[in-house]
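Take a look at the structure below.
Protein chains: 2
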Amino acid sequence: MTTIKDVANYANVSVATVSRVLNNKGYISKTAEEAVLKAIKELDYRPNSVARSLYHKTSNMIGLLMPDITNPFFPELARAVEDVAMSYGYTVVFCNTDEEMEKEKTYFEALKQKYVDGMILTTSNMDSTKYDEFDIPLVALDRIISERIPTVVSENKKGAMEATQHLIERDCKYIAHLRGPVGVRPADDRYNGFIEIAEKEGIGYVTADTQFSIELAEEKTLELFQSHPEIDGIFASSDVTAAGAMHALFKLNKQVPQDVKIVGFDGIPLGTMLVPSLTTIQQSIYKMGEKATQLLIDQIEQKAIDTYYHEFPTSLVVRHTT
Amino acid sequence: MTTIKDVANYANVSVATVSRVLNNKGYISKTAEEAVLKAIKELDYRPNSVARSLYHKTSNMIGLLMPDITNPFFPELARAVEDVAMSYGYTVVFCNTDEEMEKEKTYFEALKQKYVDGMILTTSNMDSTKYDEFDIPLVALDRIISERIPTVVSENKKGAMEATQHLIERDCKYIAHLRGPVGVRPADDRYNGFIEIAEKEGIGYVTADTQFSIELAEEKTLELFQSHPEIDGIFASSDVTAAGAMHALFKLNKQVPQDVKIVGFDGIPLGTMLVPSLTTIQQSIYKMGEKATQLLIDQIEQKAIDTYYHEFPTSLVVRHTT
DNA sequence: ATTTAGGGTGTAACCGGTTACAGATGAGGT
DNA sequence: ACCTCATCTGTAACCGGTTACACCCTAAAT
Numbered sequence: 193m194t195t196i197k198d199v200a201n202y203a204n205v206s207v208a209t210v211s212r213v214l215n216n217k218g219y220i221s222k223t224a225e226e227a228v229l230k231a232i233k234e235l236d237y238r239p240n241s242v243a244r245s246l247y248h249k250t251s252n253m254i255g256l257l258m259p260d261i262t263n264p265f266f267p268e269l270a271r272a273v274e275d276v277a278m279s280y281g282y283t284v285v286f287c288n289t290d291e292e293m294e295k296e297k298t299y300f301e302a303l304k305q306k307y308v309d310g311m312i313l314t315t316s317n318m319d320s321t322k323y324d325e326f327d328i329p330l331v332a333l334d335r336i337i338s339e340r341i342p343t344v345v346s347e348n349k350k351g352a353m354e355a356t357q358h359l360i361e362r363d364c365k366y367i368a369h370l371r372g373p374v375g376v377r378p379a380d381d382r383y384n385g386f387i388e389i390a391e392k393e394g395i396g397y398v399t400a401d402t403q404f405s406i407e408l409a410e411e412k413t414l415e416l417f418q419s420h421p422e423i424d425g426i427f428a429s430s431d432v433t434a435a436g437a438m439h440a441l442f443k444l445n446k447q448v449p450q451d452v453k454i455v456g457f458d459g460i461p462l463g464t465m466l467v468p469s470l471t472t473i474q475q476s477i478y479k480m481g482e483k484a485t486q487l488l489i490d491q492i493e494q495k496a497i498d499t500y501y502h503e504f505p506t507s508l509v510v511r512h513t514t
Numbered sequence: 193m194t195t196i197k198d199v200a201n202y203a204n205v206s207v208a209t210v211s212r213v214l215n216n217k218g219y220i221s222k223t224a225e226e227a228v229l230k231a232i233k234e235l236d237y238r239p240n241s242v243a244r245s246l247y248h249k250t251s252n253m254i255g256l257l258m259p260d261i262t263n264p265f266f267p268e269l270a271r272a273v274e275d276v277a278m279s280y281g282y283t284v285v286f287c288n289t290d291e292e293m294e295k296e297k298t299y300f301e302a303l304k305q306k307y308v309d310g311m312i313l314t315t316s317n318m319d320s321t322k323y324d325e326f327d328i329p330l331v332a333l334d335r336i337i338s339e340r341i342p343t344v345v346s347e348n349k350k351g352a353m354e355a356t357q358h359l360i361e362r363d364c365k366y367i368a369h370l371r372g373p374v375g376v377r378p379a380d381d382r383y384n385g386f387i388e389i390a391e392k393e394g395i396g397y398v399t400a401d402t403q404f405s406i407e408l409a410e411e412k413t414l415e416l417f418q419s420h421p422e423i424d425g426i427f428a429s430s431d432v433t434a435a436g437a438m439h440a441l442f443k444l445n446k447q448v449p450q451d452v453k454i455v456g457f458d459g460i461p462l463g464t465m466l467v468p469s470l471t472t473i474q475q476s477i478y479k480m481g482e483k484a485t486q487l488l489i490d491q492i493e494q495k496a497i498d499t500y501y502h503e504f505p506t507s508l509v510v511r512h513t514t
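Chains R and W, in that order, are what the protein sequence lines are. Per my numbering, the first sequence starts with residue 193, numbered consecutively. Per my numbering, the second sequence starts with residue 193, numbered consecutively.
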C-alpha cells in the first residue's frame, strides 16, 4: 500500500507538503504541487481514511438505525437516506434493531467507537434521556423521541382523520381500526385521529391492537368479525396491516370493496401490488428520508437548524379497496 | 472520551499493560489485571476501533452493493448480510447502484478509499475482468461474475423447471413466461429451464422480456393476452413480475386461479400478501445472504475457501394462484 | 554462589495521516 | 540598508491504539 511517505519521497518533499496538496490547505509552490500530483498519479496513491478519521475524529459515515429493513416501510426510507448521504460524500451503515433495546445499545456503542458522524433513528427503545447523553448528532425519523432531537414525521393524526372520513363518505356504518403499537407516537396519533372523527360523526367503531405484522393483523381481523360481524369498513394503521386484513376478509368470503372497504396507511408499493389495490394514506416517505438526512448533515457540518420539528403532509390515495 | 492512557494512569500501569489485558495477550499479573479491569469499568472505557484499525489495517466494514434496496428481493438479503456481519463485529455499508456502471464505479472507489475489508456484489455492470483488478475480497450473490469470485446463487434452472412442470400438472395448456433481464445469469437460467420443460412436454408457450418492475410486467402481460388469449398459465421470473401479471389479469377480468394460473419466483413476503396468495419458487434468500457473508468473512480472515460455487436448492411453494 | 528461565512491566516505535511551529527566502516599503 | 510580511517548507508532536524489545524480579537448577 502506498502511503503519504512514499509519495513524499518520490516527489522529494516532506509529508506535510503532500498533505497540504491533498487538502488544499496552506501555501504550496506550483513546483511542489506539480511534483506531488505527479507522484500521486504515478504511485496511484489514495489517502488512508482510517488514519484521517483517527486524527479528525470523524468518519464521513452515518448510522441508520431501524427496526427491520425487511419491513416494507423501511427500504424506501433507507434509499432516500443513502441517496442524500452519498451526494454529500457520506456512507451509510445500516443496523436492524428488531426494536430490542439491547441491540440498539450495542449498535450505538459500536458506531460511536467507529466515530460515525451522526445517526438517524427510526427506532427508540432506550429511555429518551439516554439519547441526549450520547453527544453525537441525531435525527428522529418517523418517531418522536425528545424535543432536543430534530424530528421528521408525517401528519399522522390528520391523515388518520382523512382516512376515517373517507370511509364514512363511502357509506361505512361500522368501522374497525387496526391500531399500531401502543406507545409509538405515530401509531398513537393515528389512533387518536380515528377516534376523533368516529366520535364526531357518531359512527359505530371498534379497535384492536396490532403490531406491524401481517399475520397478527389477519388474526385480529378474524376476531373482530367474530364479535362484530357488522363491520363494513377498516382503517388499518399501516399498509402491511391492511394486507393482513384483506387476507382475513378473503377467508371470511367477504368481497372488497363491496362488503367491506379498507384504507391503509403508508403508501408503500405493496399497496399497488395487492389485488384489489389498496386505498391508503400516502406518506412522503422518500422526502422524509431526504429531509432527515439533510437535517443530520446540517448538524454534522455545524449549520444552524431553523426548525426542530418537521411534519410532512399526507394525502389520501383512492384505489380499489374503497 | 476516555483513552487507553487515562485507564493506564488510573490503574497506575503502562498503556502496554492495559492493552495486554484488553487483548488477553502476554503475561499479566493478577494484581495488574484487576486494577486495569477496575479502571476500565469505573472510567467506562471502550477502545477506539479507528485506532485499532489503523494498526491492524482493517476497517471492520464490508460493503454491500445492490441494485436497489427498494426492490423487495433485497431487504431480506441485506438483513442476512447484516446479521452475520454484525455477529463477527463487522458493520455493513450499503449502496444502491441502480444497475448503473457509473454509480458502481463511484462506490467501488469510495469504499476502497475507506478501506472496506470486502464487498458483496448483487450487481455487476463493469467488465468482469475489472473486478479481479481490485485486490479486495469479493463475493457474488445472486449473480455470476467470474469463477475467481466465490459465488452464491439458487438452482435457478431447476426451480424454473419445477415451476413449469407444476403449471403443466395443473392442466395448463398454453404457458407464458415473463422473462427477467437478458444477460443476467439467474434470469437467463430460469428462462432456459422454462424452455427446456415446455419443449420436452410439447406444450404451447410464449415469452416476453421484462425487468423487475411491476408496471412493465403488467403491460407485457396485457400485450401477451392480446396476441395469445389462450394463455392459461404464467411463469413469472420474479414475484414482483407475477404481481404485475395479476394486475393485468384483474383488468382483463380473468379469475386466478380458475382462468389463469400463476407461479412466481423468489418467495418474498409479498407473495403471501397478495390475494390470492402467490404460488412461487422459494429461494433460500436469508440463507444465501448468510452464506455469502460467511464466505466473505472467511476470505477476509484468510481462511481457506473450499468451494467457490454454491448453489442453493429452491422449493415449490403451492399457494392460491395455482 | 551463580546461572538460567520464565513471569511481569514499561518505553518507545509504529500504523498513516494532520497540523502547530519554526525557519528560510525574497519582495516591497521606509 | 533594514524591517516587515507573505510565501513556502520541513520537523515533530499528535490522534489512540499495538507490540518489539529491554529490563527487572524471583525461584529453581547447577
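Built from N, CA and C at the ideal position, the CB exists for glycine as well.
When DSSP states are grouped into helix, strand and coil, Tyr366(W) belongs to the strand group. Counting along the chain, the unbroken beta strand (DSSP E) around Phe286(W) starts and ends at 283–288. Of the residues assessed, Ala203(R) falls on the buried side of the cut-off, its CB having 16 or more other CB atoms within 10 angstroms.
Contact annotation: Ile492(R) and Pro329(R) have beta-carbon atoms nearer than 8 Å. The count of Cβ pairs closer than 8 Å, one atom from the region 214–223 of chain R and one from the region 253–270 of chain R, stays below three, leaving the stretches out of contact. Between the alpha carbons of Lys233(W) and Asp324(R) lies a gap of roughly 22 Å. Pairing Val284(W) with Glu274(W) gives a Cβ-Cβ distance under 8 Å. Spanning the alpha carbons of Pro267(R) and Ser245(W) requires a straight line of approximately 30 Å. Beta-bridge partners assigned by DSSP to His502(R): Val344(R). CA-CA distance, Asp424(W) to Tyr366(W), rounds to 6 Å. The alpha helix (DSSP H) runs lying completely inside the region 242–306 of chain W and spanning 4 residues or more are 266–279, 293–305, given in chain order. Taking the Cα positions, Ile497(W) is about 26 Å away from Glu296(W). Under the three-pair Cβ rule at 8 Å, the region 379–398 of chain R counts as touching the region 425–442 of chain R. Burial state of Met193(R) is exposed, judged by a 10 Å Cβ sphere holding fewer than 16 other Cβ atoms. Secondary-structure assignment with DSSP links Gly425(R) through a beta bridge to Ile367(R), Lys453(R). For Ala400(R), the enclosing beta strand (DSSP E) stretches over residues 396–401. Under a 10 Å Cβ-count criterion, Gly375(R) is classified as exposed, with fewer than 16 other Cβ atoms of the shown protein chains found around its own Cβ.
Inter-residue distance for Val448(R) and Asn240(W) is about 57 Å (C-alpha atoms, whole angstroms). With respect to Leu257(R), Met318(R) sits apart: the two C-beta atoms are not nearer than 8 Å. Distance between Lys453(R) and Thr464(R), taken at the CA atoms: about 16 Å. Annotated three-state conformation of Gln357(R) is helix, per DSSP. In chain order, Thr262 make up the part of chain W whose C-beta sits under 7 Å from the C-beta of Glu268(R). Contact between Val210(W) and Ala200(W) holds, with the beta-carbon distance rounding to 5 Å and staying under 8 Å. Annotation for Gly310(W): the continuous beta strand (DSSP E) segment containing it runs 310–313. Within the model, the alpha-carbon separation for Gln357(R) versus Arg335(W) is close to 48 Å. DSSP places Val210(W) inside the alpha helix (DSSP H), whose first and last residues are 207–215. Judged by beta-carbon spacing, Glu503(R) lies within the 8 Å limit of Glu347(R), meaning their Cβ atoms are closer than that value. For the region 424–445 of chain R, the set of residues with a beta-carbon nearer than 7 Å to any beta-carbon of chain W comprises Ala435, Met438, His439, Phe442, in chain order. DSSP places Val331(W) inside the beta strand (DSSP E), whose first and last residues are 330–333. For Met318(R), the nearest beta carbon of chain W is not closer than 8 Å to its own beta carbon.
Counting only residues of its own chain and dropping the five nearest sequence neighbours on each side, Val308(R) has a CB closer than 8 Å to the CB of Ser251, Met253, Ile254, Gly255, Val285, Ile328. Distance from the Cα of Ile337(W) is smallest, within the candidate group Ala272(W), Pro378(W), Leu408(W), for Pro378(W). For Lys479(R), no chain W residue has a Cβ inside 9 Å of its Cβ, as the nearest lies near 15 Å away. Between the alpha carbons of Pro505(W) and Arg271(R) lies a distance of about 30 Å.
Counting only Cβ-Cβ distances below 7 Å, Phe286(W) has contacts in chain R at Glu274, Val284, Phe286, in chain order. In the DSSP annotation of this structure, the continuous segment of the alpha helix (DSSP H) that includes Gln491(R) starts and ends at 477–492.
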